[in-house]
Structure formats: structure tokens, C-alpha cells
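Right under this line is the structure:
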């Protein structure tokens, strides 16, 4: 009886304290050993739960929720291999700085390494991918509840403070796991000062990397004389940060190249160089547009052409600004790495530029912008002429049609690349989420489900067929959510057709092309999603608009051809280069 009461108390403290710390969603997969946590969750009227049968899916849902809100969700799982299923989402969260709180139920210490059922070594299972880990002892009424509360407070703080990311609380529970119904109706004994308030037991003061004025002045002394510089907006957490980078680029007088994850590639400043990826596919352009300096703000940019262009040019200075201490320098060319709050850094450097104006060459910036506008106009003409509904066209149509107030989640591999390269320059400035930390395709549907829960509005998910097959059972999470899934089905791994390995015809198709021969109409029916399979641009627009108008999940499948997709990309880039040169 005492064991069950202690489990009940500690689980109640953990759930309640996480709510007080701002955790807005608990993502749960069923399991016996986590029963105390589930009982506490069910008893707390303020707790919102997402319940799904697959631990990998619930972990990615927690990731998606945090991408939408900036606040961590809690992932609750039972012991054993259930815990291991969270690793892919934890890796992504750690790599991209997304907060998560991992609550893994465990067997008590006397059962470890004894051959006891469903008992594995859990405390360090996520290794260095967590920002902090703690192995709580099995609950006991002899241990003061304040120790549980301060542990939870530390976990929530470590998840959010820079560098944000996942934290792991391993929670051991002895049997009996909870009291029988009606057996223990006594209210839990908790510290009075905590019970009388609605705040965490320990409140941590919010902190962020400060801008050092001396460093800003030293940096500006190097940047101010540059006539031909570039600003790159990499992955950023919010539109506010993206707009701060836009303002900084205007202050410097340099062109801004916005990544699709910068939150200003869609609906950003009309002066942005939105089509830099297409421009950098032209050797004549790259040969005449090497920058003297580069200022990169945020995470890594998606475009491989941009990365190679910058590395090949060896700009000096080459400045990277991030809100964490991690190195972002795959080419080993960075001269200055700055850890700072993005908005504060941009404001400080903009202020320095206003006091001591830069030597930027206006013709350099105007040329980048004008050439990007020519590429945009050329793409408009080329897409209008296309009779085939292909992958670049679908990305273009989605970016043009998605309305304000919606969210956009994009799968890795080709969909996010096509959006980055071919999305319209105008359109709605919707938030864009993509798992580009480790760039995996797993968990994409679940990420969208969590994102929609946090975003609180309609969401479009653009993905490929293999990404959907990877996460097919997460379609069950979409029930009741206004999510439109657009799946580009090219019957395999389309991105590999762009790589040198595609020339090895003797083994390419079975090992890399991996044709699956599936269609998704039956899957949509199985999970209760409306389904359409358009074959023309007009049919796609009708299906997409109809799906958006409904308040439930829908799946739109677009069949494409892998070889034709490669040819379409090459044709578009060649014709854009020709149009720009002739213009």
C-alpha cells in the first residue's frame, strides 16, 4: 500500500509541476510500467494528452509540438524497447535545438541486470543527445516531495535554456504501481507553499546569450569596409527572428539569401534573393558573383549549391551567428562564430551600421535582386506552360495557394528542396517546419500531428511516398485535425536519382530506387482521411482548395515519375539560366 501511495504522489507531483513549468502537451504510448504517470495525467483536468500506440510516433509528435510553440511537450513511455523507439526524435531535437522532456518509466534497481522482463539499461540510453539526464530513485514516502519538484524544475529549465533540446528523466516504479480504486482517497501530502500557489516550486530566471558591445564593435570594424557581402538566413525558430535578419541585411546594404526554414522565404521582404538556389546552378553566375564576406544567421541552410559556393569562394570574414555554442562550419572556413540571441545581435549590428554607415556597393545588391526577380518571372512562365503535374510544380502551387493563418510542414529529401528552390517569392508568410537537424524522413506525419496541436490552426504537410511509408501508422494521429497531406508518390527514393550512384544501372534500382508499388487510397480509407488523386494542375488546385475548406484530415496523392522528375529539374534550371542571361 505504501509503495502504491508513493508512486501516486510522485507521479502527481511530476505531472502538475510540468504543467506549472509550461509543458502544454503530454504525448503518450500505452504501457504498464508508466501506469502511475498515466493515472496522474488522467486525473489532472488541465493536462492535454495525445495518445497513440507507437512510441516513435509520440516522440515525433512531441518534437512537432515544440516546433510550433517553442515550448516542450512531455513524452511518456513504458520501459524496455519502448524507450529506444524515441531515439530518432531525440537525435533530431538535439541536433536542431528543439526542447523535449522525456519521461521514461523503468523497473526498480533491484531488477536491473537480472534477466527481469522488459528491463534494459535505460538511464543513459540517449547518450549525449540529451542536454541533461537524471535517474530518479523509486518513489518513497520517506523522501520529501520537494526533491521531486526541484528535479522537474531543473529538467524544464535545461530543456529550454540555450542550447535548448531534450532532457531525460528516468522514473523507476515498484509494484503495486497504483492503489486499487477507492483504496486510497487521501489527498497527497505536498509542501504548503507549493500547494497554495500556481507556480513552479523553483522558478528559474529566463536567460539568453547576451550581445557583447565590444565584440559587436570589433566585428563591425571588419564588416563595414566590405562592398560585396551576402547575408544568409538559415533555419530560424520564428518569423520575428527572420524579420530581424531582413532588417539587418537592409542596414548592411547586402543581399539576403533566405533558406526555406528562415521563416521569411515565404512571404518575406520583396527585396530578398529568394531564387538564389536556381541562380547558383549556373556556373556563369557563380563565377561572377563571389562575395567578399558572408554573414550567416541561424542554422544550416538547405541548399548544397549555396554551401559549395560559399566554401569555394573562401570569403573573409565569414561570420556565423547562432543561439548555441555548437560549431556550424562543415567547410572549415568560418572566421567568426558568435553565440547570441538572434534578434538582439541583429539589432546591435544594425545600430552599429546606422552610426557608422557601411561601404556596401548598391549595384552588387541590386544585381542579385534583379537576377532573382528574372528567375522568378522565368519560373512563372515555365510552370504555366507545363502540362504534367510534377514535383517542382506541386511545391510551387502549394506555396502559392496556402493561405495566411495556416502552417506548413515539409518532409526532408526532395519536398523541402523543391519548396526551397521553386516556392513563389510572395504568397503567405506561413510558419514552415522541417526536420532538418539530422535530415531524416522518419516521423514526418507524427511531427505534423504534433505541430498542428501546438499551432492550433490548419496545416499542410508536403512529403514523399517513402516518408509516408516510414510513418504510415501516424496517420491515426490526424483524426480530427485540419491537416492536408500532399504526398508525392514517385514509387521510391527520388532523391537518389540526382546522385552519382544513379549511373550504376546494375544495382541502382533495387538498392536505391527501392520501388514499392503502393498507392495510398486504401491507407487514407483505413485511417479515415478524405482522399483525392489529381492528375493535372487544375485538378490538384481543386482538390487542395477543397481539402483546406474542410475541418478534418485529407490526403492528396500525386503520382510522378522519378526519371521524369530529374529531367524536369534540369530543364527548369537550364531554362532559368538562359532566361536570366538573355534578360
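Numbering (this note's numbering), first residue to last: 3 to 585.
No residue lacks a Cβ here, since even glycine has one placed at the ideal position from N, Cα and C.
The structure presented is a predicted model; accordingly, all values stated were derived computationally and were not measured.
Below 8 Å on the Cβ atoms is my contact criterion, and I expect residue i with residue j to pass it. Report the Cβ-Cβ distance as a whole number of Å.
i, j, result
"residue 90", "residue 131", "Contact doesn't hold; Cβ gap of about 10 Å is too wide."
"residue 49", "residue 28", "6 Å"
"residue 414", "residue 442", "6 Å"
"residue 424", "residue 402", "At roughly 10 Å, the Cβ-Cβ gap does not stay under 8 Å, so residue 424 and residue 402 are not in contact."
"residue 483", "residue 451", "6 Å"
"residue 172", "residue 138", "7 Å"
"residue 354", "residue 222", "4 Å"
"residue 66", "residue 449", "4 Å"
Identify every residue that forms a DSSP beta bridge with residue i.
i, result
"residue 168", "102"
"residue 533", "557"
"residue 299", "235 and 323"
"residue 137", "172"
"residue 567", "Per DSSP, none; premise fails for residue 567."
"residue 491", "561"
"residue 466", "490"
"residue 551", "None, per the DSSP bridge assignment."
"residue 108", "174"
"residue 485", "461"
"residue 340", "323"
"residue 435", "411"
Count the other CB atoms within 10 Å of the CB of residue i; is the residue buried (16 or more) or exposed (fewer)?
i, result
"residue 143", "exposed"
"residue 200", "exposed"
"residue 261", "buried"
"residue 569", "exposed"
"residue 25", "buried"
"residue 274", "buried"
"residue 123", "exposed"
"residue 56", "buried"
"residue 501", "exposed"
"residue 565", "exposed"
"residue 196", "buried"
"residue 529", "buried"
"residue 580", "exposed"
"residue 182", "exposed"
"residue 2", "Past the edges of the chain, shown from 3 to 585, lies residue 2, and the structure says nothing about it."
"residue 54", "buried"
"residue 184", "exposed"
"residue 344", "buried"
Using the Cα positions of residue i and residue j, report the straight-line distance between them to the nearest angstrom.
i, j, result
"residue 232", "residue 246", "15 Å"
"residue 575", "residue 282", "10 Å"
"residue 276", "residue 562", "26 Å"
"residue 179", "residue 128", "25 Å"
"residue 35", "residue 524", "35 Å"
"residue 466", "residue 495", "8 Å"
"residue 307", "residue 339", "22 Å"
"residue 206", "residue 170", "18 Å"
"residue 290", "residue 369", "11 Å"
"residue 419", "residue 305", "7 Å"
"residue 255", "residue 97", "32 Å"
"residue 109", "residue 531", "39 Å"
"residue 193", "residue 146", "9 Å"
"residue 322", "residue 278", "19 Å"
"residue 453", "residue 473", "15 Å"
"residue 94", "residue 439", "5 Å"
"residue 269", "residue 358", "31 Å"
"residue 468", "residue 540", "26 Å"
"residue 303", "residue 426", "18 Å"
"residue 558", "residue 330", "37 Å"
Between residue i and the ligand NAD, is there a pair consisting of the residue's CB and a ligand heavy atom that are separated by less than 7 Å?
i, result
"residue 364", "Ligands displayed in this structure: none; no statement on the ligand NAD is therefore possible."
Segments assigned beta strand (DSSP E), at least 3 residues, entirely inside the stretch 5-82 = 28-30, 51-53 and 76-79
key: 3 or more residues per run - each beta strand (DSSP E) lying fully within the stretch 243-283   = 258-260
request  = List in chain order: all unbroken alpha helix (DSSP H) runs of 4+ residues lying wholly within the stretch 389-413.
outcome  = Contiguous alpha helix (DSSP H) elements confined to the stretch 389-413 occur at 393-403, taking only those with 4 or more residues.
message = My parser needs the alpha helix (DSSP H) runs of 4 or more residues fully inside the stretch 190-228; what are they?
response = 194-197 and 215-225
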